[in-house]
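304 is the number that the working numbering gives to position 294 of the sequence shown; each next residue is one higher, with no gaps.
Think of the CB as a built atom: it goes at the ideal place given N, C-alpha and C, for glycine as much as any other residue.
To start, the structure under review is shown below, and the notes come after it.
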Amino acid sequence: MPKNVDILFSFDPEKGEAGQAPHAGLRAKLIIPDPELIGKKATFTIKRHVQVNDSRPVHDTEEMFKHKFTVRGGKVTVPIPHHVLKDHPFQYDGEQIEIKCFGELVINDKLIRKDTSVQKDLPVEALKKPEVLSNTNELIEPKDIFSFSKNLMAIPTHNKIATLGLLVVGLVVIVVNMLIGYHDQFSPEHATYFYSHFDSDGDRSTPLGKALGGCGAIGAAIWFAIRRQLRKYMTFGLKPISKSVTRQSEHAVSDLFYGVSRTDLKDVTLRIVACNMEKGQYVRGSGSNQRTVSFSTPVRGVLLYSKKVTLIPKNHSVENHFRDSMSFEPIFKVLYPPNEVSKSHGLFIYWEIQLIHNDFVDQELVGDTARFRREDFFTA
11 MPKNVDILFS FDPEKGEAGQ APHAGLRAKL IIPDPELIGK KATFTIKRHV
61 QVNDSRPVHD TEEMFKHKFT VRGGKVTVPI PHHVLKDHPF QYDGEQIEIK
111 CFGELVINDK LIRKDTSVQK DLPVEALKKP EVLSNTNELI EPKDIFSFSK
161 NLMAIPTHNK IATLGLLVVG LVVIVVNMLI GYHDQFSPEH ATYFYSHFDS
211 DGDRSTPLGK ALGGCGAIGA AIWFAIRRQL RKYMTFGLKP ISKSVTRQSE
261 HAVSDLFYGV SRTDLKDVTL RIVACNMEKG QYVRGSGSNQ RTVSFSTPVR
311 GVLLYSKKVT LIPKNHSVEN HFRDSMSFEP IFKVLYPPNE VSKSHGLFIY
361 WEIQLIHNDF VDQELVGDTA RFRREDFFTA
(Lines of atoms letter the chains of each structure in order from A and count residues from 1; the text may use other names and numbers.)
(Lines give C-alpha, C1' and ligand atoms only; values in the text may rest on other atoms or scores of the structure.)
Protein backbone atom coordinates (compact mmCIF):
# COMPACT_ATOMS: atom_id res chain seq x y z
CA MET A 1 0.00 0.00 0.00
CA PRO A 2 1.22 3.56 -0.70
CA LYS A 3 2.51 5.37 2.35
CA ASN A 4 1.95 8.92 3.57
CA VAL A 5 -0.02 10.23 0.62
CA ASP A 6 -1.18 13.59 1.93
CA ILE A 7 -2.36 17.12 1.17
CA LEU A 8 -0.75 20.09 2.89
CA PHE A 9 -2.38 23.49 2.52
CA SER A 10 -0.40 26.68 2.98
CA PHE A 11 -0.92 30.37 2.39
CA ASP A 12 1.55 32.47 0.44
CA PRO A 13 0.75 36.14 1.14
CA GLU A 14 3.02 37.21 -1.75
CA LYS A 15 0.68 35.44 -4.17
CA GLY A 16 -2.37 37.31 -2.86
CA GLU A 17 -3.29 40.83 -3.80
CA ALA A 18 -4.29 43.76 -1.64
CA GLY A 19 -8.00 43.78 -0.90
CA GLN A 20 -8.49 40.14 -1.82
CA ALA A 21 -10.10 37.52 0.37
CA PRO A 22 -7.99 35.80 3.06
CA HIS A 23 -7.73 32.70 0.87
CA ALA A 24 -5.96 34.52 -1.97
CA GLY A 25 -2.56 32.85 -2.30
CA LEU A 26 -3.75 29.48 -0.98
CA ARG A 27 -1.91 26.50 -2.42
CA ALA A 28 -1.93 22.75 -1.94
CA LYS A 29 1.22 20.66 -1.67
CA LEU A 30 0.47 17.08 -2.69
CA ILE A 31 2.74 14.54 -1.00
CA ILE A 32 3.14 11.34 -3.09
CA PRO A 33 6.21 9.46 -1.78
CA ASP A 34 5.39 6.01 -3.18
CA PRO A 35 7.60 5.36 -6.28
CA GLU A 36 5.05 2.87 -7.59
CA LEU A 37 2.73 5.81 -8.27
CA ILE A 38 5.16 7.57 -10.61
CA GLY A 39 3.60 7.89 -14.06
CA LYS A 40 0.04 7.39 -12.82
CA LYS A 41 -2.77 9.77 -13.70
CA ALA A 42 -4.02 11.84 -10.78
CA THR A 43 -6.73 14.39 -10.07
CA PHE A 44 -6.82 17.05 -7.37
CA THR A 45 -10.19 18.67 -6.67
CA ILE A 46 -11.67 21.21 -4.28
CA LYS A 47 -15.19 20.21 -3.26
CA ARG A 48 -18.04 21.57 -1.18
CA HIS A 49 -20.12 18.75 0.29
CA VAL A 50 -23.52 18.72 2.03
CA GLN A 51 -24.08 15.75 4.31
CA VAL A 52 -27.68 15.14 5.34
CA ASN A 53 -28.21 13.90 8.90
CA ASP A 54 -30.75 11.16 8.25
CA SER A 55 -30.91 7.37 8.26
CA ARG A 56 -31.54 7.40 4.49
CA PRO A 57 -29.77 10.53 3.32
CA VAL A 58 -29.26 12.00 -0.14
CA HIS A 59 -26.00 13.97 -0.04
CA ASP A 60 -24.78 16.44 -2.65
CA THR A 61 -21.36 17.70 -3.72
CA GLU A 62 -20.21 20.69 -5.76
CA GLU A 63 -16.87 20.52 -7.56
CA MET A 64 -15.28 23.95 -7.20
CA PHE A 65 -11.88 23.26 -8.79
CA LYS A 66 -10.20 20.40 -10.65
CA HIS A 67 -6.55 19.87 -11.61
CA LYS A 68 -5.48 16.78 -13.58
CA PHE A 69 -1.86 15.75 -13.84
CA THR A 70 0.56 12.85 -14.18
CA VAL A 71 2.63 11.99 -11.12
CA ARG A 72 6.30 12.86 -11.89
CA GLY A 73 7.72 13.12 -8.40
CA GLY A 74 7.05 12.95 -4.70
CA LYS A 75 5.73 16.50 -4.34
CA VAL A 76 3.35 18.55 -6.47
CA THR A 77 2.32 22.13 -5.66
CA VAL A 78 -1.05 23.30 -6.96
CA PRO A 79 -2.03 26.99 -6.60
CA ILE A 80 -5.73 27.50 -5.83
CA PRO A 81 -7.22 30.22 -8.06
CA HIS A 82 -8.63 33.15 -6.14
CA HIS A 83 -12.06 32.94 -7.79
CA VAL A 84 -12.58 29.42 -6.40
CA LEU A 85 -12.72 30.69 -2.81
CA LYS A 86 -13.91 34.26 -3.31
CA ASP A 87 -17.25 33.59 -1.59
CA HIS A 88 -15.50 32.77 1.73
CA PRO A 89 -16.30 29.05 2.10
CA PHE A 90 -16.89 27.90 5.66
CA GLN A 91 -17.72 24.74 7.56
CA TYR A 92 -21.25 24.43 8.92
CA ASP A 93 -22.63 21.97 11.46
CA GLY A 94 -26.40 22.37 11.64
CA GLU A 95 -29.51 20.54 12.77
CA GLN A 96 -30.15 18.51 9.61
CA ILE A 97 -27.12 19.16 7.43
CA GLU A 98 -23.35 19.52 7.65
CA ILE A 99 -21.31 21.39 5.06
CA LYS A 100 -17.61 20.84 4.50
CA CYS A 101 -15.09 22.19 2.01
CA PHE A 102 -12.12 19.93 1.33
CA GLY A 103 -9.39 19.02 -1.10
CA GLU A 104 -9.27 15.51 -2.52
CA LEU A 105 -6.40 13.77 -4.27
CA VAL A 106 -7.18 10.65 -6.31
CA ILE A 107 -4.43 8.66 -8.04
CA ASN A 108 -5.57 6.16 -10.67
CA ASP A 109 -3.77 2.89 -9.89
CA LYS A 110 -6.79 0.57 -9.97
CA LEU A 111 -5.06 -1.85 -12.38
CA ILE A 112 -2.89 -2.84 -9.42
CA ARG A 113 -5.27 -2.02 -6.59
CA LYS A 114 -8.12 0.38 -5.90
CA ASP A 115 -7.50 4.08 -6.50
CA THR A 116 -5.30 5.78 -3.94
CA SER A 117 -7.07 8.78 -2.44
CA VAL A 118 -6.88 11.22 0.45
CA GLN A 119 -9.03 14.10 1.65
CA LYS A 120 -8.09 17.15 3.70
CA ASP A 121 -10.33 19.96 4.95
CA LEU A 122 -9.57 23.44 3.66
CA PRO A 123 -7.85 25.68 6.22
CA VAL A 124 -10.85 27.94 6.68
CA GLU A 125 -11.52 29.86 9.87
CA ALA A 126 -14.61 28.97 11.88
CA LEU A 127 -17.41 31.46 11.28
CA LYS A 128 -18.89 32.24 14.68
CA LYS A 129 -22.37 33.69 15.11
CA PRO A 130 -24.20 34.58 18.35
CA GLU A 131 -26.57 32.10 19.94
CA VAL A 132 -30.24 32.40 18.97
CA LEU A 133 -32.84 31.68 21.66
CA SER A 134 -36.06 32.35 19.71
CA ASN A 135 -38.43 29.61 18.58
CA THR A 136 -37.71 29.70 14.85
CA ASN A 137 -40.66 27.55 13.80
CA GLU A 138 -43.17 29.81 15.59
CA LEU A 139 -41.47 32.90 14.18
CA ILE A 140 -41.43 31.76 10.54
CA GLU A 141 -44.68 29.76 10.63
CA PRO A 142 -46.93 31.39 13.26
CA LYS A 143 -50.19 29.64 14.10
CA ASP A 144 -52.84 31.02 11.75
CA ILE A 145 -56.03 31.86 13.70
CA PHE A 146 -58.98 33.10 11.63
CA SER A 147 -62.76 33.05 11.31
CA PHE A 148 -63.82 31.00 8.28
CA SER A 149 -67.21 32.73 8.01
CA LYS A 150 -65.82 36.28 8.32
CA ASN A 151 -63.05 35.49 5.86
CA LEU A 152 -65.49 33.93 3.40
CA MET A 153 -67.71 37.04 3.46
CA ALA A 154 -64.72 39.32 2.78
CA ILE A 155 -63.55 37.70 -0.48
CA PRO A 156 -65.02 38.34 -3.98
CA THR A 157 -68.06 36.33 -5.13
CA HIS A 158 -66.15 34.12 -7.58
CA ASN A 159 -63.68 33.22 -4.83
CA LYS A 160 -66.60 32.38 -2.49
CA ILE A 161 -67.97 30.00 -5.14
CA ALA A 162 -64.54 28.44 -5.68
CA THR A 163 -64.08 27.95 -1.92
CA LEU A 164 -67.45 26.30 -1.41
CA GLY A 165 -66.89 24.19 -4.52
CA LEU A 166 -63.57 22.96 -3.15
CA LEU A 167 -65.25 22.03 0.15
CA VAL A 168 -67.96 20.02 -1.63
CA VAL A 169 -65.56 18.31 -4.03
CA GLY A 170 -63.15 17.50 -1.21
CA LEU A 171 -65.89 16.01 0.95
CA VAL A 172 -67.22 13.87 -1.93
CA VAL A 173 -63.77 12.60 -2.88
CA ILE A 174 -62.89 11.72 0.73
CA VAL A 175 -66.20 9.85 1.26
CA VAL A 176 -65.82 7.91 -2.02
CA ASN A 177 -62.20 7.10 -1.19
CA MET A 178 -63.17 5.75 2.24
CA LEU A 179 -65.97 3.63 0.75
CA ILE A 180 -63.47 2.12 -1.70
CA GLY A 181 -61.07 1.44 1.15
CA TYR A 182 -63.82 -0.19 3.22
CA HIS A 183 -64.88 -2.36 0.27
CA ASP A 184 -61.33 -3.46 -0.54
CA GLN A 185 -60.58 -4.19 3.11
CA PHE A 186 -63.23 -6.89 3.27
CA SER A 187 -62.93 -8.20 -0.31
CA PRO A 188 -60.62 -10.92 -1.67
CA GLU A 189 -57.60 -9.63 -3.58
CA HIS A 190 -59.07 -10.34 -7.01
CA ALA A 191 -62.22 -8.34 -6.18
CA THR A 192 -60.60 -5.12 -4.88
CA TYR A 193 -61.37 -1.86 -6.70
CA PHE A 194 -58.20 0.13 -6.00
CA TYR A 195 -56.36 -0.74 -2.78
CA SER A 196 -54.41 -4.01 -2.78
CA HIS A 197 -53.88 -6.20 0.30
CA PHE A 198 -50.14 -6.14 -0.47
CA ASP A 199 -47.55 -3.40 -0.74
CA SER A 200 -44.95 -2.99 -3.49
CA ASP A 201 -42.58 -5.42 -1.74
CA GLY A 202 -45.23 -8.15 -1.53
CA ASP A 203 -45.82 -7.73 2.21
CA ARG A 204 -49.38 -7.64 3.51
CA SER A 205 -50.99 -4.24 4.08
CA THR A 206 -54.45 -2.94 4.91
CA PRO A 207 -56.53 -1.23 2.21
CA LEU A 208 -58.36 0.74 4.91
CA GLY A 209 -55.06 2.13 6.19
CA LYS A 210 -54.08 3.13 2.66
CA ALA A 211 -57.45 4.83 2.20
CA LEU A 212 -56.97 6.79 5.42
CA GLY A 213 -53.56 7.95 4.22
CA GLY A 214 -55.08 8.95 0.91
CA CYS A 215 -57.82 10.92 2.66
CA GLY A 216 -55.17 12.79 4.64
CA ALA A 217 -53.30 13.75 1.47
CA ILE A 218 -56.52 14.78 -0.29
CA GLY A 219 -57.64 16.84 2.71
CA ALA A 220 -54.30 18.64 2.93
CA ALA A 221 -54.34 19.51 -0.79
CA ILE A 222 -57.94 20.77 -0.64
CA TRP A 223 -57.23 22.86 2.48
CA PHE A 224 -54.17 24.41 0.84
CA ALA A 225 -56.30 25.40 -2.18
CA ILE A 226 -59.03 26.82 0.08
CA ARG A 227 -56.53 28.96 1.99
CA ARG A 228 -55.34 30.44 -1.30
CA GLN A 229 -58.91 31.49 -2.06
CA LEU A 230 -59.43 32.92 1.42
CA ARG A 231 -56.39 35.19 0.99
CA LYS A 232 -58.22 37.05 -1.78
CA TYR A 233 -59.72 39.50 0.75
CA MET A 234 -56.83 41.78 -0.19
CA THR A 235 -53.99 42.35 -2.61
CA PHE A 236 -50.54 41.96 -1.10
CA GLY A 237 -47.26 42.07 -3.02
CA LEU A 238 -43.54 42.83 -2.84
CA LYS A 239 -41.88 45.96 -4.11
CA PRO A 240 -38.45 45.41 -5.65
CA ILE A 241 -35.40 46.51 -3.63
CA SER A 242 -33.47 48.83 -5.92
CA LYS A 243 -30.23 49.20 -3.95
CA SER A 244 -27.74 46.91 -2.27
CA VAL A 245 -28.69 45.69 1.22
CA THR A 246 -25.86 46.15 3.74
CA ARG A 247 -25.38 46.21 7.50
CA GLN A 248 -25.61 50.01 7.55
CA SER A 249 -28.46 50.65 5.11
CA GLU A 250 -31.88 51.75 6.36
CA HIS A 251 -35.10 50.91 4.52
CA ALA A 252 -38.60 52.34 4.84
CA VAL A 253 -40.97 49.45 5.57
CA SER A 254 -43.52 51.00 3.21
CA ASP A 255 -40.97 50.65 0.37
CA LEU A 256 -40.87 46.86 0.75
CA PHE A 257 -44.49 45.93 -0.03
CA TYR A 258 -47.89 47.15 -1.16
CA GLY A 259 -51.45 46.10 -0.34
CA VAL A 260 -55.10 47.07 -0.38
CA SER A 261 -57.87 45.30 1.56
CA ARG A 262 -61.51 44.86 0.50
CA THR A 263 -62.55 45.10 4.15
CA ASP A 264 -61.50 46.95 7.30
CA LEU A 265 -58.50 45.37 9.01
CA LYS A 266 -58.65 45.74 12.79
CA ASP A 267 -55.78 45.00 15.17
CA VAL A 268 -53.51 43.82 12.38
CA THR A 269 -49.80 43.12 12.91
CA LEU A 270 -47.07 43.43 10.31
CA ARG A 271 -43.86 41.49 10.96
CA ILE A 272 -40.65 41.07 9.01
CA VAL A 273 -38.74 37.92 9.97
CA ALA A 274 -35.67 36.10 8.71
CA CYS A 275 -33.79 32.84 9.24
CA ASN A 276 -31.30 30.44 7.77
CA MET A 277 -32.90 27.64 5.79
CA GLU A 278 -31.25 24.22 5.77
CA LYS A 279 -32.08 22.32 2.59
CA GLY A 280 -31.44 18.71 1.66
CA GLN A 281 -33.08 15.46 0.65
CA TYR A 282 -33.70 11.98 2.00
CA VAL A 283 -35.29 8.76 0.75
CA ARG A 284 -38.60 7.39 2.00
CA GLY A 285 -40.69 4.35 1.10
CA SER A 286 -39.49 1.22 -0.66
CA GLY A 287 -39.99 -0.67 -3.90
CA SER A 288 -42.22 1.14 -6.37
CA ASN A 289 -43.18 3.58 -3.58
CA GLN A 290 -39.60 4.72 -2.98
CA ARG A 291 -39.25 8.46 -3.42
CA THR A 292 -36.84 11.28 -2.77
CA VAL A 293 -38.17 13.87 -0.33
CA SER A 294 -36.84 17.43 -0.21
CA PHE A 295 -36.86 19.34 3.08
CA SER A 296 -36.38 22.97 4.12
CA THR A 297 -35.77 23.46 7.84
CA PRO A 298 -35.77 27.02 9.27
CA VAL A 299 -33.08 27.70 11.88
CA ARG A 300 -31.73 30.76 13.73
CA GLY A 301 -34.86 32.89 13.35
CA VAL A 302 -34.67 36.65 13.94
CA LEU A 303 -37.41 39.30 14.18
CA LEU A 304 -36.51 42.37 12.12
CA TYR A 305 -39.65 44.44 12.55
CA SER A 306 -43.06 44.27 14.23
CA LYS A 307 -45.88 46.78 14.50
CA LYS A 308 -49.57 46.49 15.39
CA VAL A 309 -52.12 48.88 13.88
CA THR A 310 -55.58 49.38 15.38
CA LEU A 311 -57.39 50.01 12.09
CA ILE A 312 -56.58 49.97 8.38
CA PRO A 313 -59.73 51.08 6.52
CA LYS A 314 -60.80 49.17 3.43
CA ASN A 315 -59.50 50.40 0.08
CA HIS A 316 -56.64 52.22 1.82
CA SER A 317 -53.02 51.46 0.98
CA VAL A 318 -51.78 49.17 3.73
CA GLU A 319 -48.14 50.24 3.36
CA ASN A 320 -49.01 53.84 4.28
CA HIS A 321 -49.62 52.67 7.86
CA PHE A 322 -46.05 51.36 8.16
CA ARG A 323 -43.76 54.28 7.33
CA ASP A 324 -41.17 53.35 9.94
CA SER A 325 -37.53 52.78 9.10
CA MET A 326 -35.94 49.35 9.61
CA SER A 327 -32.57 47.71 9.15
CA PHE A 328 -31.52 44.29 7.90
CA GLU A 329 -28.45 44.38 10.19
CA PRO A 330 -29.60 41.40 12.35
CA ILE A 331 -29.52 39.20 9.24
CA PHE A 332 -25.81 39.93 8.77
CA LYS A 333 -25.03 39.78 12.49
CA VAL A 334 -26.94 36.64 13.50
CA LEU A 335 -27.41 34.53 10.38
CA TYR A 336 -24.84 32.59 8.41
CA PRO A 337 -24.25 33.63 4.80
CA PRO A 338 -25.54 31.40 2.00
CA ASN A 339 -23.52 28.20 1.61
CA GLU A 340 -25.21 26.53 -1.33
CA VAL A 341 -24.15 23.42 -3.22
CA SER A 342 -27.27 23.23 -5.39
CA LYS A 343 -30.87 24.48 -5.37
CA SER A 344 -31.84 21.45 -3.25
CA HIS A 345 -28.84 21.26 -0.88
CA GLY A 346 -27.10 23.76 1.33
CA LEU A 347 -27.66 26.68 3.66
CA PHE A 348 -29.82 29.55 2.43
CA ILE A 349 -31.01 32.98 3.63
CA TYR A 350 -34.77 33.39 3.96
CA TRP A 351 -36.85 36.41 4.93
CA GLU A 352 -40.52 37.20 4.65
CA ILE A 353 -43.14 39.85 5.38
CA GLN A 354 -46.12 38.65 7.43
CA LEU A 355 -49.49 40.35 7.84
CA ILE A 356 -51.21 38.71 10.82
CA HIS A 357 -54.92 39.09 11.57
CA ASN A 358 -57.17 37.01 13.87
CA ASP A 359 -60.23 37.21 11.58
CA PHE A 360 -58.58 36.48 8.23
CA VAL A 361 -56.00 34.08 6.84
CA ASP A 362 -52.52 35.52 7.35
CA GLN A 363 -50.66 36.95 4.37
CA GLU A 364 -46.98 36.33 3.68
CA LEU A 365 -44.45 37.48 1.09
CA VAL A 366 -41.09 35.78 0.57
CA GLY A 367 -38.34 38.35 0.11
CA ASP A 368 -35.55 38.43 -2.44
CA THR A 369 -32.00 37.91 -1.12
CA ALA A 370 -30.12 38.71 -4.33
CA ARG A 371 -29.10 42.21 -3.18
CA PHE A 372 -27.69 41.20 0.21
CA ARG A 373 -23.98 42.07 0.24
CA ARG A 374 -22.18 38.85 1.09
CA GLU A 375 -19.07 40.50 2.54
CA ASP A 376 -21.14 42.04 5.36
CA PHE A 377 -21.82 38.58 6.84
CA PHE A 378 -18.13 38.27 7.70
CA THR A 379 -17.56 41.63 9.38
CA ALA A 380 -17.88 42.09 13.12
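Spatial distance of residue i from residue j (CA atoms)
i       : j       : result
Ile-236 : Leu-177 : 8 Å
Val-73  : Arg-238 : Here residue 73 is Glu; the residue named in the question, Val, does not match the sequence. So the two alpha carbons sit approximately 40 Å from each other.
Asp-277 : Ile-322 : 8 Å
Thr-126 : Lys-57  : 18 Å
Ile-117 : Lys-85  : 13 Å
Ser-352 : Val-60  : 9 Å
Lys-170 : Trp-361 : 31 Å
Leu-95  : Ile-41  : 22 Å
Ile-165 : Val-263 : 26 Å
Thr-202 : Tyr-102 : 51 Å
Phe-112 : Thr-279 : 46 Å
Lys-343 : Pro-45  : 51 Å
Ile-90  : Asp-22  : 11 Å
Lys-50  : Lys-78  : 11 Å
Leu-115 : Asp-131 : 12 Å
Val-128 : Asp-70  : 19 Å
Gly-377 : Val-303 : 24 Å
Ser-296 : Arg-66  : 11 Å
Thr-307 : Gly-104 : 10 Å
Val-179 : His-200 : 30 Å
Burial state of residue i, where buried means 16 or more other Cβ atoms lie within 10 Å
i       : result
Leu-365 : buried
Gln-373 : buried
Arg-294 : exposed
Ala-52  : buried
Phe-196 : exposed
Pro-217 : buried
His-355 : buried
Val-371 : buried
Met-244 : buried
Val-255 : buried
Leu-345 : buried
Ser-271 : buried
Asn-161 : buried
Phe-358 : buried
Gly-226 : exposed
Thr-173 : buried
Pro-198 : exposed
Arg-281 : buried
CB contact flag (residue i, residue j, <9 Å)
i       : j       : result
Asp-213 : Phe-204 : no
Asp-260 : Met-336 : Reading off the sequence, residue 260 comes out as Glu, not Asp. Against a cut-off of 9 Å, the Cβ pair of Met-336 and Glu-260 comes out as a contact.
Phe-388 : Leu-137 : yes
Phe-267 : Leu-248 : yes
Lys-317 : Leu-275 : no
Asn-286 : Phe-100 : no
Phe-75  : Ile-17  : no
Ala-38  : Val-81  : no
Gln-106 : Val-62  : yes
His-98  : Pro-347 : yes
Ile-109 : Gly-83  : no
CA nearest to the CA of residue i, picked from the options
i       : options                               : result
Trp-10  : Lys-253, Val-128, Arg-310 and Phe-158 : The first residue shown for the chain is 11 and the last is 390, placing residue 10 beyond what the model contains.
Val-134 : Ser-20, Ile-322, Leu-345 and Thr-167  : Ser-20
Val-309 : Ile-56, Glu-151 and Ile-171           : Glu-151
Ala-380 : Thr-273, Gln-258, Asn-349 and Ile-251 : Ile-251
Asn-368 : Ile-155, Leu-275 and Arg-37           : Ile-155
Val-142 : Ala-284, Phe-100, Leu-132 and Ala-201 : Ala-284
Lys-253 : Asp-44, Lys-39 and Phe-338            : Phe-338
Asn-187 : Gly-229, Asp-209 and Phe-208          : Gly-229
Gly-269 : Gln-129, His-326, Leu-222 and Leu-132 : His-326
Gly-224 : Lys-242, Phe-208, Arg-257 and Ile-190 : Ile-190
Pro-43  : Gly-219, Ala-172, Asn-14 and His-207  : Asn-14
Val-312 : Phe-79, Asn-147 and His-77            : Asn-147
Pro-140 : Val-376, Ile-363 and Pro-340          : Pro-340
Ala-231 : Asp-64, Gly-219, Leu-181 and Tyr-192  : Leu-181
Ile-363 : Tyr-315, Val-319, Asp-97 and Asp-119  : Tyr-315
Phe-246 : Val-185, Leu-375 and His-98           : Leu-375
Gln-258 : Asp-265, Leu-149 and Phe-382          : Phe-382
Should the stretch 318–332 be called in touch with the stretch 289–296, which here means at least 3 C-beta pairs below 8 Å? Short answer: they don't touch.
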